[in-house]
Each structure stands twice: as structure tokens, then as C-alpha cells.
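Remember, our numbering sits 3 above the position in the sequence shown when you count from 1.
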Amino acid sequence: MNIAVIGTGYVGLVAGACFAETGNYVICVDINKDRVNKLKKGIIPIFEPGLESLVKSNVEAKRLNFTFDTSKAVAQSQIVFLAVPTPMDEDGSADLYHVLNAAAEVAESINEYKVIVNKSTVPVGTAGKVKEVISKITDHPFDVVSNPEFLKEGNAVEDFMKPDRIIIGCDTPRSEAIMVELYGPFVRKRNRIISMRTTSAELTKYVANAFLATKISFINEIARLCEKVGADIEEVRSGISSDSRIGSSFLFPSMGFGGSCFPKDLRALNFMGIKKEQDLLVVQATIEANKLQKQFIPGKIRERFGENLKKLRFAVWGLAFKARTDDIRESPALTLIDFLLEGGAEVNAYDPQAMKLTEEVYGNRIEYSSEYYSSLVGADALIVATEWNEFRLPDFPRMHRIMRKPIIFDGRNLFKPQPMKEAGFEYFSIGQL
Ligand code: NAD
């Protein structure tokens, strides 16, 4: 099949490469010329395990191509995916500017029947809006499909190639048949395609993200309670997650959830409720609990060092909102760095993948280390903000020697209090005894 993918970010580039991998001819479009030029030269603008080799091999096989010319891409494709951003608007709603703008651009070049697929996360009713925009511009036949994406950054290629499920919101049998054929190679072992109305598909994506975020906020809240009542969150977590109805994923205490999806998608879902006068109390509580959680480690730092952090130096391990990605959007590590800078502290940061993007935010307001031990030189404390594997079993005696004060704030509960005490560290974590 011939496919165009509009937007070459975390979703568009992964989708484009994976569709090419299954034999389709894919042309990826972006308005960011620098990004397109880099991609044409084989430079991958984001970090995602396995993506670089997948892109390169499919470019070499001439199944994957890049352009900033939407009309060329649309004219030659039967299916057009919209994978553009849906950022949060000032009122918390999803800003559909990019989606509707891309839809209008696509409409200009429709020359025969096309399936236009919303892969961006969009509020209920957006398929209808896209349809309206396109019908005003073209008389050619087309269908609009909602096909929300469930990949996880850090595991995106694997998730796309072996999806738990594929949600297809179609209002016509013709577009449904095309989508089912396209996704056939991804569901050979077991049919995981779930077809539904476009409105249900649009809502499913928000509900899935809200549920996962609720699990995170819930365990974080319980971790805070643990500290008050003298229980250990790791014990409680293993106690509850052994119940198959509860499960073990998304129950790890942290500095709060971040990333490009959960924060904005929860706000967008809540906004949908407000608009329809349907209170979403659980969603609201999840948002509020997350705000509190992002202040939890800063609160502990304040308790330990006081309000004034001048002349203190902090090492920060991990900047990405989670491991295996370079994405720092809404990362709790950034909330923490802002807090440290406001208090007048010096910050030296390290992340295996997210340094470049962090430098674009902070410039020379913080220092950067090219590896994690050197960030500890002269540090009054270390804060572990992201759960990268390389931080899990560090050389503690070496760290003890390098740091000015052996103090660790562990925002991911990577370590255990007792061994840390024995290693001579003053250790703070989240709900551990
Ligand atoms: P992103 O910001 O990484 O990439 C979007 C790309 O679209 C950018 O390169 C931008 O230049 C390009 N773009 C914007 N307008 C365009 C236009 N008119 N024509 C061509 N290109 C255009 O975004 P992302 O993280 O890939 O997210 C895209 C959508 O997918 C969002 O709605 C997001 O909520 C959703 N989503 C993201 C993830 C994720 O993990 N990142 C997962 C599931 C769903």
C-alpha cells in the first residue's frame, strides 16, 4: 500500500518506519525542514531504541522516504495518517490547530478516494471536524478514521510491531477493510484489531491514559501515607500487585508522571467533562495528586537544607520523563531543577539521552556532565530523577568519595534505605522505611 504520514515525531516516524517494514511504500512529511533534511541524511532526530536501524534499512530498501511537500505525499498515497501534535490549550483543552491545519493541507491534494487517519490523540468529535474541513476543500471521496496510538516512548518500535491491540474507529465498511488489511501483518498471531465508532476510538485513548495515570497517582499517594504511618511502600506494592486483578505495572512510586501525553491528555479529558457538565472527579484527583507528587522531593530537600540553597551543589541523575527516551516534556526532573535554581543552588545534570534537549531549555544556567560519576564532584546531594538502568547498581564507595556530602534523594526508589545507611549515605526516598 502507499501511505503518507504527516508529522515525523515520536508517533509519526515510528509508524512510518514500521509500516515500511511490513512492505508498504511510506512517505513521511514534516513542516520542520531541518528535521526532514536530517532524516534524508539518515540522522534520526529522536532517541527511540531500534528506530535508527529500522529507518535506515527501509530507506535503503526504498520503501521509506521523507519530504516537506504534503501535496506530493498525499497525491501518491491511498492512506494518509495525521500524526501531528495536539498540545494543551490555555483552558486545558486539546489544541486542534495542527490537526485541522494538516487536514486542510491534505485536502488540497486529494485526487481520488483516500482514507485520512487521525493518529494524533484527539477529543471526541474530531473525526467529524476533520471531515468537515476536508469536505469544504475537495469533492473527491474520502473517509476519516480514528486510529489512536498506544505506543510507549522507550519501547515504541516493539509496541508498534507487536501491539496489545489496534483500535480502529471507522464509520464506513470501505475504510475499515483498508485499515484491517494494513494492520494484518501486525496481528498475525492473534487478531488484536478492535473496530468501533470513531467517537469511541477517540475516547478510548484518553481513558486508557487516564487509567494508567490514576494508577501512578494512587501509588504515589499511598507512598506518602506510608511515610506518615510507618509502613513501607515497596512491601505494600508487592502485597497488592500479587493480586491478578490489580497487577504490577504502573505501581512504582516516583516523582510524579510527566511526558508529552499523560499531563495534557488528563487535562483534555477533564475539559471534555467540564464542557458536558459531567464531573470527572477521579481524573481531577489524579491531576491534583500528581502536582503534589512533583513537589514531594523538593519538599524533602527543603526540610533537609532549608529554603536557601545558595552555595549548595546538586547532582541530578536523569532528565527524561522516564528511562529509554530523550523526551523531557513535562519531566518531573525539570520541575526539580527549576526548584533548585529558584533556591539559588548549583546544578550538575547527567542523562544518557536527554542532555541535548535539556541544554535547549536551561542553556548555561546549569552544568552538564558527560557521565554520571563526574556530575557528583563536589556535590552536596544527588537526586535520582529517572530510572535508567545504569543508575540501578552504581559504585557507592566511589560516589561516597567523590561527593562533598553523602546525601541521596532517590526519586525512583532505585535503592534501599538499610544498605544505603550501611554504605554511609543519608538517604531519602519515597515511602520506604
Ligand atoms: P511530536 O511533537 O514528537 O511530533 C509531531 C511532528 O509533527 C513535529 O515534527 C512537527 O513538526 C510535525 N507537524 C506539525 N504540524 C505539521 C503539518 N501541518 N505538516 C507536517 N508536519 C507537521 O509529537 P508526537 O509525540 O509524535 O505526538 C503526535 C500525536 O500523537 C499527539 O497527539 C500525541 O498526543 C499522540 N501520541 C503521542 C505518543 C507519544 O508517546 N509521544 C503516544 C501516543 C499518542
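Glycine included, each C-beta is placed from N, C-alpha and C at the ideal position.
Range covered by the beta strand (DSSP E) that runs through T70: Per DSSP, T70 belongs to the beta strand (DSSP E) from 67-70.
Paired residues, beta bridge with K117 - DSSP: K117 is bridged to F145.
Sub-8 Å separation of T361 and K297 beta-carbons: In this structure, K297 does not lie closer than 8 Å to T361 by Cβ.
The segment 342-351 contacting the segment 278-296, beta-carbon criterion three pairs below 8 Å: no
E370 and V350 closer than 8 Å at C-beta: yes
Extent of the continuous beta strand (DSSP E) to which C31 belongs: 28-32
C-beta atoms of D354 and L322 nearer than 8 Å: yes
Delimiting residues of the alpha helix (DSSP H) encompassing N40: 36-43 is the extent of the alpha helix (DSSP H) around N40.
Secondary structure of I225, DSSP reduced to three states: In this structure, I225 counts as helix in the three-state DSSP scheme.
C-beta contact flag for S198 and C173 at 8 Å: For S198 and C173, yes; Cβs fall inside 8 Å.
For L436, three-class secondary structure by DSSP: In the structure shown, L436 sits in coil (DSSP, three-state: anything other than H, G, I, E or B).
Neighbourhood of D146 by C-beta, 6 Å cutoff - its chain only, sequence neighbours within 5 removed: V118, T175, S178
Beta-carbon spacing of F399, A426 below 8 Å: yes
Identity of the residues DSSP links to D413 by a beta bridge: V387
Option nearest K134 by Cα separation, candidates A18, N104, P151: N104
Distance between V160 and G53 (C-alpha atoms, nearest Å): 7 Å
CB contact flag (I9, T73, <8 Å): yes
Rounded C-alpha distance that separates S123 from D142: Using only the alpha carbons, I get a separation of about 25 Å.
V14 versus R404 - alpha carbon distance: 43 Å
Residue environment, L16, which counts as buried when at least 16 other CB atoms sit within 10 Å: Buried, since its Cβ has 16 or more Cβ neighbours within 10 Å.
R168 CB to nearest heavy atom of the ligand NAD below 7 Å: Not so, every heavy atom of the ligand NAD lies at least 7 Å from the Cβ.
8 Å Cβ cutoff met for I82 and A106: Taking 8 Å as the Cβ cut-off, I82 and A106 do not qualify as a contacting pair.
Q421 classed as buried or exposed, judged by whether at least 16 other C-beta atoms fall within 10 angstroms: exposed
Heavy atom of the ligand NAD within 7 Å of T73 beta-carbon: yes
Integer Cβ distance of A326 from E390, believed to fall under 8 Å: Indeed they touch by this definition, with Cβ atoms about 5 Å apart.
Cβ pair A382, F412 closer than 8 Å: No, these two residues do not count as a Cβ contact at 8 Å.
Contacting residues, own chain, Cβ-Cβ under 7 Å from P188 (five flanking each side not counted): Non-local beta-carbon contacts of P188 in its own chain, meaning distances under 7 Å to residues more than five positions away in sequence, involve T25 in chain order.
Buried or exposed by the 16-neighbour rule on C-beta atoms within 10 Å, applied to F439: Past the boundaries of the shown model lies residue 439; the chain is included only from 4 to 436, so the question cannot be answered.
Any non-hydrogen atom of the ligand NAD within 7 Å of L154 CB: yes
Any non-hydrogen atom of the ligand NAD within 7 Å of A105 CB: Yes, the Cβ of A105 comes within 7 Å of a heavy atom of the ligand NAD.
Spatially closest choice to E93 from N416, A271, E363, by CA coordinates: A271
Beta-carbon proximity list for D167, same chain, < 8 Å, skipping 5 on both sides: F153, R195
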